[in-house]
Each structure stands twice: as C-alpha cells, then as structure tokens.
Amino acid sequence: MSGVDPEVVSSSQAAFVGLDAEPGVAKPDPILVADGVQRRFGGLTAVDVDHVEVQRGAITALIGPNGAGKTTFFNLLTGFDRADAGRWRFDDQDLVGVPAHKVARQGMVRTFQLTKSLARLTVLDNLKLGASEQRGEGFFSSLVRPLWKAQEAEIEGRAEDLLGRFNLAHMRDEYAGSLSGGQRKLLEMARALMVRPTMVMLDEPMAGVNPALTQSLLGHVKQLREDGMTVMFVEHDMDVVHDISDWVVVMGEGRIIAEGTPDQISSNDAVIDAYLGAHHDAPLTAAEEQAQLDEIHPQLDEESGDAHG
Amino acid sequence: MRPDRRTLHLPFVLLLAVLTLLGVASPSGAQEPSGDEREVNVNVVDRKGTAERDDDEPVAGVVIVVTDASDEEVDEVETDEDGKAVITLPGEGQYTATLDLDSLDEDVGLPREGREVVSIDPNRSRVLNFTLGDRERATSSTFDKVPQLLFNGFSFGLVIAITSVGLSLIYGTTGLVNFSHSEHVTWGAIVAWWINVDHDVHIIPAALIAIAIGAASGALVNRVVWSPLRSRGMSLVAMMIVSIGLSLAARSLFQLLFGGVFRPYRQFYRQDGIDIGPITTTPKILWMIGLIIVVIVAIASLLQYTRIGKAMRAVADNGDLAASSGIDVDRVILFVWALGGGLAALGGILFGLQQQVQFEMGFRLLLLMFAGITLGGLGTAYGALVGSFVGGMFIEVSTLIVPTELKNVGALLVLVVVLLVRPQGILGRAERIG
Amino acid sequence: MDWQFILSVSFTTAFGPQAIVFALAAIGLNMHFGYTGLVNFGQVGFLAIGAYTVAMGVDTFGLSFWLCVFLTFFTASIWALVLGVPTLRLRTDYLAIVTIASGEIIRLVLRANTFTETTGGAAGIQNFAGDFFDLNPFTGGRKALNIPGTEVGVTYSANQFWVLLVGWTIVALACLFVYLLVRSPWGRVLKAIREDEDAVRSLGKNVYVYKLQSLAIGGVIGAVGGIIFAVSRQSVVPDSLGTALTFFAYVALVLGGAARVFGPVLGSIVFFFLSAFVDVALREAIDADVINFLVGSEVGVVRNILVGVGLMALMVFRPQGIIGDKSEVAVSVRR
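Protein chains in written order, with our numbering: chain A, -9 to 299; chain B, 930 to 1363; chain C, -13 to 321.
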C-alpha cells in the first residue's frame, strides 16, 4: 500500500488523547451523535444505546459478541430499519426516519456483512451504479443519450481509477458473480466510494476474506481515513480491530458496554466478560435449544440466516 | 350517441374509482356448464298475510336474479302483470334465484325471512313460486341480515382457513409462494367424488381415503417437483413461475378428466334448512363447522406440543438455524407438504359438499386463500387461520353494501389497507436486513 | 392430414394479431420481470384497462377513438400506482399475490350486471374501432402470401393487414423504447434492483420510485397490447381476459428469453406457431380418426396442459429461453 502519512495518523489519534474510556464519552468533533436509540423485536431489545458519539475523520470500530446488536444498530443508523425510539444526528442533520437512500445521499454510505455485489452486472457497471446525481438515471432523460453521454464517460473514468486502486482493473468486464469473496468486499467498498461519502459504514469488511487479502483490505480502510473520510466498521476479531482503529466501541446485549482506545479496550474486564460469556451459547438440551430458538427468532432474517450483529 | 345515459355513469365511475382502490379477490369460473338450456317458470304472488287464496294478487315488475354455483349471474328477469316470468338456465348445475327485494313496491308485503333466495335444480324444478306478504315490512332492515351474513362468513372463513394453513406453512418453511396449492384443493374434492360416485362409497369413508391420497399427493409433488428444484438452487421467483405452470397444467388436466360441469356428492346434497334464532342453515353446515374447529384445534396442538410441530415452526422461523441445531429440514418440509396436501383435500371436499365439485373450484378459492394468509402474515400458521377467517367474514358482511357479484372485490380492500398500515400482516413480524 | 394447411394456419397465427397482443404483453412483462425482477401476475389487467379505455370511451362516453388511445397511457399508469403503491415496498411475493387477484377483479367488475349500462356486462362492447378502420389503405378480400414455390403461407383479410401493419410497427417501436431504456443508466439501476434492492438503496437510489416507473411502463405497453386485442376483433368481452392470458404471456417471455429486448417478440411468434400447430394438428388428427381418445372440444384443454408443462420445463431446463443469456436470467440464485 502507499505509505500512510504518520502525521494524519497521529492527528486522528490525537483527538482521543485524554478522553475517558467510558461508554458515551463526548468527542471533540463528533460527526455522528446518537441518543436513546432502541429497537425491539417482540420481547427482545436488540439495540438499547443511551449515548454514543463518533469522531470525525477517525476510524471507529464497533465490536461485540454475536447477537450484541451491532448490525441492527448499523441498520438503524443507515435507515435500513426503523428504531422504536431515539434520535441521532449525522453532520448536523437529523436522520431519524430518513429512508436508506436519502441517508446515503447525505453522505453516510454502508456496505453489508453478506456482500451485496450485484452478481449479474459487470464489475464496471457495479461501480458506475454507485455514482450519484446521474442525469441518465431519470426516466425521460435516459431516452436521450446525448444528455448523459458526457457524464457517463466521466463516471466511467472515475470508476476505472477506483478499479485500479482496488486491484480490480483486470476484472472490469466480468460479471461480479465471478469474483472471489475478498474481491467482492473490495468491489463493494469501491462502489461505496463512487457515492463520494463523508462517512463509510463497513459491516464486517474482513469476514470471509482470506488472510492474504486481509492486509490489503486493512490498507484500503486506512486509506479512506487518509482521504478525509470517517470510517465506522463492525468487527469481532480483536486483532484486526487493534491494528487499524483509532477508537473502539463495544456492544453487548444491545448496549454500549465500553469505549476506549484499542489498548484500553483489550485490557477492559467488561469486554472480556462479554466475549467469554458469549461462549455459553451452545444449547445443552433439546428443550433449551427450542427455548433459544423461540427467543432469538425475531431478530433473525430468514434469508441471511446468521446470528451476527 | 346517448347523452342521456351519461348521468348514469357518474355513480359507476365513482364506484370504479373505489374498486380500483381495492384491487384483489377471487377468480371465478368463466366456464359455461355445457348442455342444453332449460326453462323454469316463475310465479310471484302476494298472499296479503292471510291464508285465504281469494285475496292473492300477482305482483308485476319484480326482478329475479339467477346465479350459478360460482355466484356468477346467468339470468335476470322481471315479472309481467300476471306475476309471471321465465328463467332460462344454461344447463345442468346448481342455481340460485334471488328475488330482489328492492324491486318490490312499498305496498307489497315481503317474503318470509330467507325465502327470497331459492335454489333451483334444473332437473327437478319446472316452476318456482315466490310468496310475498308473510312478513311485515318493518323487519326488513338490512341489519337484520347481519346475523345470517356473519354466520355465512364464519362457515366460509373456516373453509378458507383450513385450506390455507398448508399454503402458509409451505411458504413459511420453503419460501415458495405456491400458486398450485389450489389444485391440491380441487384434487381432493375430485378424488372424493370418484370414490363416492363411481365406486359407490359413502362420502365419509370416501373423504377419509381422499384426504389420505391428498396427503400422499402433497408429499409426492414435493418429492418429484419441489425438492429437486430446491436442491438445484432455483430462485424462489422462478419457482413461483413453475408453480403457475403446474397449476395451469393440473387444472386443465382436471378439466379433461372431470369435464366442465358441476357435480354433487351422493350424500348430503340437498338438505332442508333449519332455523336457529335469526339464522337459517343446514345440518351439514353445522357438522362442517364442528369438524373444522376440531381439525383446527388438532393442528394447533400439533404445532404447539409435538416435536414435529415445534420443528415445523423452527424451520419456518429460520431454516438455516434450525438445520444447524440438528433438525432434519427436508423431513420437516416433506411433512409440511403432506399436511398441506391433506388439509387442502379436506377443504376441497367440504367446499364440494357446500357447493359442488368442479375443476376450477380450488382456483376460485386460491385468491381468497392468498388474501387470507397475506392478511394474517405470510408464513405464519396462526396468521393464516386468523386472516382467512377475517377475510371470509368481511366478504359476506360486505354484501350489505356491495352487490353479491362483487363481494370478493371487498377482500382486496381489506388486503390493501392492511398492507399499507401493517405490511407484515396481522400476526406477522417485521424482517431484519443485513 | 393436410400438412400444408396445418403449416399455413400455424404461420398465419404466428404473425397474426394475437401474436402482436402477446408480444406487447410480454414486452411489458419483460420490463417488470426480466429487467426489474417484479413478478406481475396480473398483466391481463393492464390489457383489460387498455381494451376498455378505448371501448368504453368510444361506445359509452362518446369520446374520439384517438383520444381514448391517448387516455390509455393515463389509465394504465394509474392502475400501476394502485397496484404498486401498497405492494412495491414489500417483498416481491406481495406484488405477485395482489396482481394475480387484480386481473380477476377487473374482469369481475367488467362483467358485473350492476354496471352493464357502462361496461356492456358479460356481453362486452362491440364495434368501437370504426375510426381506426376508416384509415385502412388496404382494400379487397382475403390475401394470401405464400413462401415462393409452395402452397404454405399466411392468409389475412384487408382489415387484418391494416391491424398487422400498425401492430407490428408498434411492437418495433416498443422494442426500440425498451432498448433505449435498458442500455441507459436508468436501465442499469433497474437491473441492479433485480439483483439486490438493498444494495441499490445503500447507494442512494430511490428503489421504490424506479419500481413504480417500471410497473407503469410495462403496464402501459401491456395496455397498448390490450387496445390491439380489442381493435383487431372490434369487440371486447370480459371473459376473454382471464388469468390464462397472463400465464401465456409469461410462457412467451420465458420462451423467447427474458431480459432480452427481442426475447418477448420472438417468444410470442414461436409460441403462437407451436400453439396453433398443436391445435390444428390435433383437430386434423381427430377428424382423420388418427386420434380417437379426444374430441374436438377437448383440444384447447390439451393445449393448456401442454402450455403449463412447457412453462415448467422451460423454467427448469432452459430458463434463458431461445436467445437469453443464462448468466443474466434471474433463475439460479436464491433471493
């Protein structure tokens, strides 16, 4: 990867110097502020966040054991799910009840844990789709090619730059379905950048990626910060988190249980308990298994079929 | 042109606008029963509320509407000054003649409650008599119909509920929107008819055999068609289209084998009505209601207390999770198909007893079943029961306002309103993304 | 068995007015299903809207024929909104369920006695397309065009020739229209929605609006097919607009190749060739006592069985149809 500017790193971490490592601590320059956000599925409260702030221009990791409510929290913030209560502001814009596509237009763009590369579009088309405010995307103007030809060429140029940067240029005209898991993660990240976001929300960007690609992916994430974007990502591998994040927010059972720098978090007892406690998940008897199924089913999406979050 | 007619169109346009806002309901057989036309003479007399014959008067200008077993109108006549009219029936089948009470003048009496509707068997009836003046006008308020309509809706809703449980469970466990479910309903009714009529077996044992065959057919269709497609990884949308093809093929096959006519079962065909308070019904309907309630309780117990029932709910909630916790998903799905096929057959037989057996009977129920399970929340067993029930009741009670021939349109109103207000249905739950 | 006759009837049907109607119905479905992934099982409703906007407009309300043709764009779009607004926010299953019922609702309302004054009831409306046939440049009786050197060919009346000329021109225009749309960025959004609408939403596109547009455009194209359906017969009867019509249009679409501009057109022509061939050949065989287990009136039913089985077989064994691209057709991936 291109060299990471040490000054940028230090300044993004400098913002956190002297902050108390406790849940809900105020940040010097927050881009995202959430208050009292709650989401319930039946009797289960999946998300119950009192207060959290995300520092502008930094990489913030959101970690926690399976079922902690990380993805659900992401879904709420990005407009993919409706909160039962709470307020949150992004870049001084109230985002409560704003639909997902408008959240993206405001500059907060997300990726998905189960990669949503558009399998039967080419890699290039995947990227071009990401560009905002395309004249050719209007119904009437789409019929008249001269109206959007020039813009399309400009978008294609930008897409090709990004493909080069993410090492996907050789796959340009392939269907996205033919990419490997890691390449799909790269594609999705590149596509998100086409929107020109101010904040990128990455849902487990490293999941299912082979170790060789992981380093490259981490480099790309750091590069986002260098380019002036704010990054928030969900992860449950502590080592990965320690490597790249400036600040870590820990969720457990829907709540924020800890915040701090990576070093502070790795020695935090509450975090260790939360992670160890999670290992008690395995059902002991058939009856207990049924009880667990009944208990957790509301938060499970039948299609994704995973209990992360 | 006919400018004078234009004013007539305004109510129509308004109604069309309202109906347009509704959108779903039931298909109904466009099939004309084959055979030659028959005529039935109608007499309408006003007995003036007395037993004496001397003061009887014929009533002119009375409108009588004739509908077939699928509620589609086949004829409409008006009596002449002798109180007579001639109805033309297109052929064999079961028909209903309804005297339009609104066409009676103020000074004419009314028929006894419920006697404005008479069923006609073209093979037996040649003359149809309507007697008026047996009822005081004051009692004719539309709200008096409410108990009867609620009862009709109750029994109709139960039949839809019993057929749609399988449809909903199949959706829940496999994600398939199965448009060929209606053919399982028809299949059950036709098999029972063959055993009952061709092999001269009483309908009760015949129904039991047909339900067993229906269950086996459900399992077989899953084995032969759906299970292989699932293992090929076919998309749910593609499978939906396959089910459309299967439905068309099966329905046409039934038409070829069974013909286009309506045929009754040997037993319980015609029964005398009995009055229970404000409600007129027949013993077979009461037995039917009792039977369905017993079956519904049995299904609920199965789902709630047995191992396979719990497994079915677990698979419906989350197939992958159920599989990873040791449930044999394929076995559960096979069981769901057998259960769905058996219940569809039972529903078809009951529907055939209520009306008659015909190759499109299931298809006519299909959209009501869908309305029901969507109302209740796609994929939930109890939601299907509740939704079908609510749908059935609504359809019948809506006839207070809506013409009978359009009553199924009302089901759409409810459906669309529910989808707008509560997209996941009455008992459904919201989904999670990501 | 007169094979020349059988082939001639098949060709005549394959390029006849019905093939035009189904080609347009299937082009509309291609917009919905092929490009956007919307499962509309009520395309017949849009055809009915087109047919009755013109028939009722002319006969009942005394409007000009051409004004009614123009009005169809509005009536069909409004119907698309009615179907789409409550359902398109939800999973595609809901649209499938609501649309299949919507087509039947329209038929039931149109054939209802209550509205006979306006809709013509079950008997429908006849003779409303005089304005259209007044412009017919063709004269004389039936004309046959044979493949040179054979007795095999097509036979149409002068009025049919006029319908065919206008109809196939409209089909060509519709194809051009769809081609322009789907190769544009607008079409790219549509295809992306077909793949995964959440991904599209995350990129700042209003998926709901695109789906509504797709439903309306495909619906309008279907409604134009409905106009041709009504005009070519100078008659429209509610019971000729049953659910089977939608299913046949799906067969035409899948047969030709979904998500291909010419797929529905090719599919419709081939479908009507095969359908007429089976129909006439069976009738001939029954007349010639080659087949004695069927009677003439059952031929249509047998054909429907074959259509149903054919649709299943196509979806399973050749989902891309004749000219489709297998990797693009939304078949093998769970969604």
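Glycine included, every Cβ here is placed at the ideal spot set by N, Cα and C. None of these values were measured; they are calculated from a predicted model.
What residues of chain A sit near residue 144/C, judged by a beta carbon separation below 8 Å?
Going along chain A, no residue has its Cβ under 8 Å from residue 144/C, so there is no contact; the nearest lies around 35 Å.
For residue 1136/B, which option in 1327/B, 1034/B, 1207/B and 1278/B has the closest C-alpha, if you only look at C-alpha atoms?
Closest by alpha carbon: 1278/B.
Against chain A, with Cβ distances strictly below 9 Å, would residue 166/C count as a contact?
So yes, residue 166/C belongs to the interface.
Establish whether the CB of residue 1323/B and some CB of chain C are separated by less than 9 Å.
Judged by the 9 Å Cβ criterion, residue 1323/B is not in contact with chain C.
Please report the Cβ distance between residue 211/A and residue 195/A, rounded to the nearest whole angstrom; I am assuming they are in contact, meaning their Cβ atoms lie under 8 Å.
Right, the Cβ-Cβ distance comes to about 7 Å (below 8 Å), so this counts as a contact.
Excluding the 5 residues flanking residue 1201/B on each side, which residues of the same chain have their C-beta closer than 8 Å to its C-beta?
Result list for residue 1201/B: 1211, in chain order.
Starting from residue 131/C, follow its DSSP beta bridges and name the residues at the other end.
Answer is 140/C, bridged to residue 131/C.
Taking 9 Å as the threshold (beta carbon to beta carbon), is residue 249/A in contact with chain C?
Taking Cβ atoms only, chain C never reaches closer than 9 Å to residue 249/A, which makes this a no.
Which whole runs of the alpha helix (DSSP H) in the segment 176 to 236 of chain C are 4 residues long or more, in chain order?
183 to 188 and 193 to 219, all fully within the segment 176 to 236 of chain C.
Restricting to Cα atoms, I'd like to know which of 72/A, 241/A and 85/A is closest to residue 30/A.
For residue 30/A, the nearest C-alpha among the options comes from 72/A.
If you measure between the beta carbons of residue 250/C and residue 66/C, is that distance less than 9 Å?
Not in contact: residue 250/C and residue 66/C (Cβ atoms no closer than 9 Å).
At a CB-CB cut-off below 8 Å, which residues of chain C make contact with residue 1169/B?
Chain C residues near residue 1169/B: 25, 79 and 82.
Alpha carbons only, please: which of 121/C, 141/C, 9/C and 118/C is nearest the one belonging to residue 160/C?
If we check each option's Cα against that of residue 160/C, 9/C comes out closest.
Taking beta-carbon pairs under 7 Å, can you tell me which members of the segment 85 to 99 of chain C lie near chain B?
Within the segment 85 to 99 of chain C, the qualifying residues are 86, 87, 88, 90, 91, 94, 95, 98 and 99.
Would you check if the segment -12 to -5 of chain C and the segment 213 to 220 of chain C touch, i.e. whether three or more CB-CB distances between them fall below 8 Å?
Contact between the segment 213 to 220 of chain C and the segment -12 to -5 of chain C is absent, because fewer than three Cβ pairs lie under 8 Å.
Return no unless some Cβ of chain A is closer than 9 Å to the Cβ of residue 203/C.
By this cut-off, residue 203/C is an interface position.
Does the Cβ-Cβ distance between residue 1010/B and residue 1040/B come in under 9 Å?
Against a cut-off of 9 Å, the Cβ pair of residue 1040/B and residue 1010/B comes out as no contact.
Find the nearest neighbour of residue 208/A within the set 179/A, 77/A, 104/A and 218/A, judged by alpha-carbon distance.
Of 179/A, 77/A, 104/A and 218/A, the residue nearest in Cα terms is 179/A.
When we look at the beta-carbon of residue 255/A and count the other beta-carbons within 10 Å, is it buried (16 or more) or exposed?
Buried: at least 16 other Cβ atoms inside 10 Å.
Identify, in the order they occur along the chain, each residue of the same chain with its Cβ nearer than 6 Å to the Cβ of residue 141/A, setting aside the five sequence neighbours on each side.
Answer for residue 141/A: 125, listed in chain order.
Going along the chain, which residues of the segment 184 to 217 of chain C sit with their C-beta nearer than 9 Å to a C-beta in chain B?
The residues in question are 184.
Which residue marks the beginning of the alpha helix (DSSP H) containing residue 119/C, and which one marks its end?
Residue 119/C -> alpha helix (DSSP H) spans 116 to 120.
By DSSP's criteria, residue 98/A is part of a beta bridge. Which residues make up the other side?
DSSP output for residue 98/A lists 189/A as bridge partner(s).
Is there a C-beta anywhere in chain B that falls below 9 Å from the one on residue 291/C?
So yes, residue 291/C belongs to the interface.
Out of 1318/B, 1353/B, 1001/B and 1286/B, state which residue places its alpha-carbon closest to the alpha-carbon of residue 1112/B.
Of the candidates 1318/B, 1353/B, 1001/B and 1286/B, the one whose C-alpha sits nearest the C-alpha of residue 1112/B is 1286/B.
Check whether the Cβ of residue 206/A lies closer than 9 Å to any Cβ atom in chain C.
Judged by the 9 Å Cβ criterion, residue 206/A is not in contact with chain C.
Could you confirm whether any beta carbon from chain B is found closer than 9 Å to the beta carbon of residue 39/C?
With 9 Å as the cut-off, residue 39/C does not count as an interface residue toward chain B.
Compare the C-beta of residue 260/A against all C-beta atoms of chain C and say whether one is closer than 9 Å.
Residue 260/A does not count as touching chain C.
What in chain C is Cβ-close to residue 1174/B, meaning under 9 Å?
Here the neighbours are 233, 236, 237, 293, 294, 295, 296, 297, 298, 299, 300 and 301.
Roughly how many angstroms separate the alpha carbons of residue 202/A and residue 173/A, rounded to a whole number?
So the two alpha carbons sit approximately 12 Å from each other.
Contact defined as beta carbons within less than 8 Å: I believe residue 246/A pairs with residue 55/A. What is the distance between those atoms, to the nearest angstrom?
So it is not a contact: roughly 14 Å between Cβ atoms.
Grouping DSSP H, G and I as helix and E and B as strand, with all else coil, what is residue 1068/B?
Because the pLDDT of residue 1068/B is 43, which lies under 50, any placement of that residue in the model is unreliable, and the number read from its coordinates should be weighed accordingly. The answer is helix: DSSP assigns residue 1068/B an H, G or I state.
What are the boundary residues of the alpha helix (DSSP H) that residue 20/A is part of?
Run containing residue 20/A: none in the alpha helix (DSSP H); it sits in the beta strand (DSSP E), 20 to 31.
How many Å lie between residue 937/B and residue 104/C at the Cα?
Because the pLDDT at residue 937/B is just 46, under 50, the model does not fix this residue reliably, and the value given afterwards should be weighed accordingly. Those two C-alpha atoms are separated by around 8 Å.
If we count Cβ pairs, one from each stretch, closer than 8 Å, do we get three or more for the segment 237 to 252 of chain C versus the segment 130 to 143 of chain C?
Contact fails: fewer than three Cβ-Cβ distances are below 8 Å.
Mind listing the chain C neighbours of residue 103/A? Cutoff is C-beta to C-beta under 9 Å, in chain order.
Per Cβ cutoff of 9 Å: no residues; residue 103/A is ~12 Å from chain C at best.
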